[in-house]
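Report on the following structure.
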Amino acid sequence: MFRKLLVQEMGIIGIDSIGIVTLLASFMGAVMCLQTAHQVGGWIPVYTIGFTVRQTTILEFSPTLIPIILAGKVGSNIASQLGTMRVTEQIDALEIMGVNSAGHLVLPKILAGFICIPILVVMSMFLGIASGALIAILTGVSSMADYQYGVQVDFKTYDVIYALIKTSVFALIMTSVSAYHGYFTEGGALDVARSSTKAVVYSAVIIMISNLVLTQILL
Amino acid sequence: MIELRNISKSFGDQNVLRGVSAQFQKGKVNFVIGRSGSGKSVMTKCTVGLLEPDEGHVLFDGRNFTDMSLLERKNIRKEIGMLFQGSALFDSMTVAENVMFPLKMFSHMLEQEMLDRVKYCLKRVELDGSDNKLPSELSGGMQKRVGIARAISMNPKYLFCDEPNSGLDPQTAIVIDNLIVDITKEYGMTTVVISHDMNSVIEASDTIHFLHQGEVAWSGDNAEMMVASSDTLNDFVYASKLMQRMKS
């Protein structure tokens, strides 16, 4: 039963988020490429475009912005689902049957988020850098060779590890904060909406604060 | 038998239950009636452990539920079936999956045995053929019947029904009442029905407990209720013109 629920949640949190992550990562990579190209000139070498796109994507855009966007999509989904189950007495029904409702409903969501969100973030890193390359070549701001050199120059594996640690922590924050607000909803439809909003806002704020703390600790 | 001994429950400075004592007999349909806000739902939640009473004890066939460990409570809960006011069906599951859920969680049945049990329970509530429908595709009465099928799937010893007829038309309400009476006799369950529908009380009750301002103000059976001298009970029972006409 737990495995089935975990797979189901991985579908909702992971597979269903591929579209939005692809869209965001592609456009952000492309925009970053154009913005950097706008600054490049004179003594700043052209390969800086690839370098900047890579660094921004790996260090900040993918591990922080993607989880914040997902807090809106996944977090509100978790909070409203649990909130609705609470106000329609479905959680009470589980408790009456002797089922540990938190373990049954919340744990698969947290675990699914912990597994899927880092995968989505890694995917967004590749897409961001690739879309930067595509737009650089299409607009002629950089050659493929310069962009490729920029992406490879001074690459530190630790940057990716740092990004993945951040992402894993943010995934835990997002899913658990949203689950908390949904699970402890009281009242009716309006309160479900309120819980859903709180879940997104609190997740985003806690992610931003944790981002600062983790960056100070890890870099 | 379920026994409540001096149950008290407060929320802040609001005393919702004040020393409620009652006995719910085995094999009988025990009604708890009272006005909205009289503490019926809180009493039920304290009985099944969804709320912790501030004082008092709940005994299921002599077993003190209030003092039990979580694990012991879990075992008792497997003997409890509950029909909720809004049915509380899991809306992401089909009718059959809803009924099968407790079996999957707690029984050691094989898949085919579970399917047979689901079929039997759905047939018992006259819903055979609705296995693959989602709760949202069913009417209110059908949802209640699925709720009953789910509640009886584990052969419970105790059945709680929280306002089983709310939102139903009179004919469907009678179907639900009859079903509750029939399965209570059939399984020899201790059934507790929370209601303020006087039609149901007259149709289905074996014993009645009248809750007023957090206390059991009156207890008795159907016939005794009609001639009771309690003013608060009479105000409640004969609030409708239909009941007043019946009395006269």
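The listed protein sequences derive, respectively, from chains R and D. First residue of the first sequence: 229, per my numbering; consecutive thereafter. First residue of the second sequence: 80, per my numbering; consecutive thereafter. Cβ coordinates follow ideal geometry from the N, Cα and C atoms, glycine included. All values reported here derive from a predicted model rather than from experimental measurement.
| Check | Outcome |
| --- | --- |
| Run the proximity test for M193 (chain D): is its beta-carbon closer than 7 Å to any non-hydrogen atom belonging to the ligand SAM? | This structure lacks the ligand SAM; in fact it carries no ligand of any kind. |
| Tell me whether N305 (chain R) is buried or exposed, calling it buried when 16 or more other Cβ atoms sit within 10 Å of its Cβ. | buried |
| From S87 (chain D) to N143 (chain D), what distance separates their C-alpha atoms? | 16 Å |
| Give me, in chain order, the residues of the same chain whose beta-carbon lies closer than 7 Å to that of S89 (chain D); leave out the 5 immediate sequence neighbours on both sides. | V95 and D133 |
| Closer than 6 Å by C-beta to A228 (chain D): which residues in its own chain qualify, once you throw out the five before and the five after it? Chain order, please. | V178, C200, L201 and V204 |
| What are the boundary residues of the alpha helix (DSSP H) that T312 (chain R) is part of? | S304 to V315 |
| Would you mind reading off the limits of the alpha helix (DSSP H) that contains V260 (chain D)? | P249 to Y266 |
| Under 8 Å between C-beta atoms, does T395 (chain R) make it to chain D? | no |
| Name, in chain order, the residues that DSSP records as bridge partners for H291 (chain D). | D:E294 |
| With C-beta atoms as the reference, is S370 (chain R) less than 8 Å away from A258 (chain R)? | no |
| Using CA atoms only, rank isn't needed, just tell me which of R:P273, R:L366, R:I324 and R:K301 is closest to L149 (chain D). | R:I324 |
| Of all Cβ atoms in chain D, is any one closer than 8 Å to the Cβ of T316 (chain R)? | yes |
| Does the Cβ-Cβ distance between T270 (chain D) and K236 (chain D) come in under 8 Å? | no |
| Can you name, in chain order, every residue of its own chain whose Cβ lies under 7 Å from the Cβ of A407 (chain R), other than the five neighbours on each side? | I306, L310, V334, K337 and I338 |
| By the three-class DSSP mapping on this structure, what secondary structure does Y237 (chain D) have? | strand |
| Mind checking which residues open and close the alpha helix (DSSP H) that includes R114 (chain D)? | Neither: R114 (chain D) is in no alpha helix (DSSP H) and is coded neither H nor E. |
| What three-state label does DSSP hand M161 (chain D) in the structure shown? | strand |
| When the Cβ atoms of the segment 103-113 of chain D are set against those of the segment 271-288 of chain R, are three or more pairs found closer than 8 Å? | no |
| Take every Cβ of the segment 92-106 of chain D, pair it with every Cβ of the segment 421-441 of chain R, and state whether three or more of those distances are shorter than 8 Å. | no |
| Cβ closer than 7 Å: which chain D residues qualify as neighbours of M325 (chain R)? | R156, P181 and M184 |
| Within 8 Å of any Cβ in chain A, is that where the Cβ of A321 (chain R) sits? | The question asks about chain A, but that chain is absent: this structure's protein chains are R and D. |
| Check for me: the beta strand (DSSP E) holding N211 (chain D) runs from which residue to which? | Taken as a continuous stretch (DSSP letters only), N211 (chain D) belongs to no beta strand (DSSP E), as it is neither H nor E. |
| Which residues bound the alpha helix (DSSP H) around F255 (chain R)? | I246 to Q267 |
| Do the CB positions of T403 (chain R) and G341 (chain R) come within less than 8 Å of each other? | yes |
| In chain D, which residues lie less than 8 Å from M229 (chain R) when you measure between Cβ atoms? | K183 and M184 |
| Going along the chain, which unbroken runs of the alpha helix (DSSP H) with 4 or more residues stay wholly within the segment 305-383 of chain R? | 318-325, 335-367 and 372-380 |
| Measure the CB-CB distance between T123 (chain D) and F239 (chain D) and report whether it falls below 8 Å. | yes |
| Just mark M229 (chain R) as buried or exposed, buried being the case when its beta carbon has 16 or more other beta carbons within 10 Å. | exposed |
| So if I threshold CB-CB distances at 7 Å, which residues from the segment 105-130 of chain D count as touching chain R? | V127 and L129 |
| Could you work out which residues of chain R lie near K153 (chain D), taking near to mean beta carbons separated by less than 8 Å? | G326 |
| Could you check the C-alpha separation between D92 (chain D) and A427 (chain R) for me, to the nearest Å? | 31 Å |
| Which bits of chain R does F163 (chain D) rub up against, with CB to CB less than 8 Å? | E317, D320 and A321 |
| Can you find a CB in chain R that lies within less than 8 Å of the CB of I81 (chain D)? | no |
| Show which residues of chain R have a CB atom less than 7 Å away from the CB atom of I159 (chain D). | I324 |
| Would you mind working out which of D:H187, D:V280 and D:D285 sits nearest M322 (chain D), comparing C-alpha positions? | D:V280 |
| For A167 (chain D), go through chain R and note every residue whose CB falls closer than 8 Å to its CB, in chain order. | T316, E317, Q318, D320 and A321 |
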